[in-house]
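Novice:
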Amino acid sequence: MIVTTLLLTRDVLACEEADVRNALSAVEGAFRTLQSVRAKEPRGRQLAIPAELALTDVHRAVDCLESPMSAQLAGRVHAAEALTSWLADDRPRGVLALRSMLSANPWGALPMDLIPPEHGLRVWIAEAGEVETVWDPSLSKWALVDGIPTRAIPTGQPYVLQHRRNSGAMRSEFVDATGKSSGGNRTPFIVTGLALGAAGLGAYGGAWATHVAYQDATDLPSATSLHTTTNLLSIGSVVVGGIGATVLTVGLVK
Numbered sequence: 002m003i004v005t006t007l008l009l010t011r012d013v014l015a016c017e018e019a020d021v022r023n024a025l026s027a028v029e030g031a032f033r034t035l036q037s038v039r040a041k042e043p044r045g046r047q048l049a050i051p052a053e054l055a056l057t058d059v060h061r062a063v064d065c066l067e068s069p070m071s072a073q074l075a076g077r078v079h080a081a082e083a084l085t086s087w088l089a090d091d092r093p094r095g096v097l098a099l100r101s102m103l104s105a106n107p108w109g110a111l112p113m114d115l116i117p118p119e120h121g122l123r124v125w126i127a128e129a130g131e132v133e134t135v136w137d138p139s140l141s142k143w144a145l146v147d148g149i150p151t152r153a154i155p156t157g158q159p160y161v162l163q164h165r166r167n168s169g170a171m172r173s174e175f176v177d178a179t180g181k182s183s184g185g186n187r188t189p190f191i192v193t194g195l196a197l198g199a200a201g202l203g204a205y206g207g208a209w210a211t212h213v214a215y216q217d218a219t220d221l222p223s224a225t226s227l228h229t230t231t232n233l234l235s236i237g238s239v240v241v242g243g244i245g246a247t248v249l250t251v252g253l254v255k
């Protein structure tokens, strides 16, 4: 339980580039497996579910990244968005992602072995390259946008935004084409933290309710189950309460 708490704390507080790369590899792996199925039997969103789940992990890893992201890695993030869009047969979303990919990394982030010259996704890339990225100079201070230092953000297409915190670490978030941030919503953390805290309090209440009977039964060998129940409730209340406090803290400072 303690190991789980430490892993949870690490996962929600800080990630490394290796975490982003691992998640990206999962998206690319899903694409390799499923693209042949799409060619034979297009099924839209249903086919793309494994890649969409892996892409969610990419966004989570980006959102907890505390080191500056390179433009090359940002290009791969957008490429993963495009690969998933291809599986889902979502051309508008895919073209916008490819536009961001080309903006971050003009040399492209899609290897030839993944999409050979005759691949249909190349048509989307050509379409994305026909429209120049429009930048809105609306940032109040310098930031990294897709790994590039700037005070402007691209309009109408996804990007990765990073601001430096007072601590020196980066605050990272993936922003989609509509301007919605995947990292800015703290509500799930806060709600989850409060729920876990309530569960921990309930477990503690159960332990308190049985403690008198526990004390009366300490001399009775036959009361092993009562001892175990009270001990588990006590330990569980501390662990669950600790996890709840951690998640709630993340929600408040995120």
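Sequential numbering from 2 applies to the sequence shown in the working numbering.
Where is the CB? At the ideal position from N, CA and C, for every residue including glycine.
#1: Using three-state DSSP, classify Arg94 as helix, strand or coil.
#2: Given that a residue counts as buried once 16 or more other Cβ atoms are within 10 Å of its Cβ, and exposed if not, what is Val146?
#3: Cutting at 6 Å between CB atoms, please list the residues of its own chain near Ala62, excluding the five before and the five after it.
#4: Which class does Gln36 belong to by DSSP, given the choice of helix, strand or coil?
#5: Quick one: Cα of Ala81 to Cα of Trp143, how far?
#6: Shortest alpha-carbon distance to Leu84 belongs to which of Gly157, Asn106, Pro69, Ala31?
#7: Taking Glu18 and Leu74 to be in contact with their CB atoms under 8 Å, please state how far apart those CB atoms are, rounded to whole angstroms.
#8: Distance check for Leu162 and Ser182, CA to CA, integer angstroms please.
#9: Give the straight-line distance between the Cα atoms of Leu140 and Gly157, rounded to the nearest whole angstrom.
#10: Here's the rule: buried if 16 or more other CB atoms are within 10 angstroms of the residue's CB, otherwise exposed. What is Trp125?
#11: Starting from the C-beta of Arg172, find all residues in its chain whose C-beta is less than 6 Å away, skip the five residues before and the five after it, and write them out in chain order.
#12: State the DSSP-derived secondary structure class of Val28, mapped to helix, strand or coil.
#13: Which residues does DSSP pair with Glu174 in a beta bridge?
#14: From what residue to what residue does the beta strand (DSSP E) around Leu145 run?
#15: Can you tell me which of Ala52, Glu128, His79, Tyr160 puts its alpha carbon nearest to the alpha carbon of Leu88?
#16: Go to Ile126, then tell me how far its alpha helix (DSSP H) extends in each direction, as first and last residue.
Specialist: The relevant details are as follows:
#1: helix
#2: buried
#3: Cys16, Asp20, Val21, Ala24
#4: helix
#5: 26 Å
#6: Ala31
#7: 6 Å
#8: 9 Å
#9: 16 Å
#10: buried
#11: His164, Arg166
#12: helix
#13: Leu162
#14: 144 to 146
#15: Ala52
#16: 122 to 130
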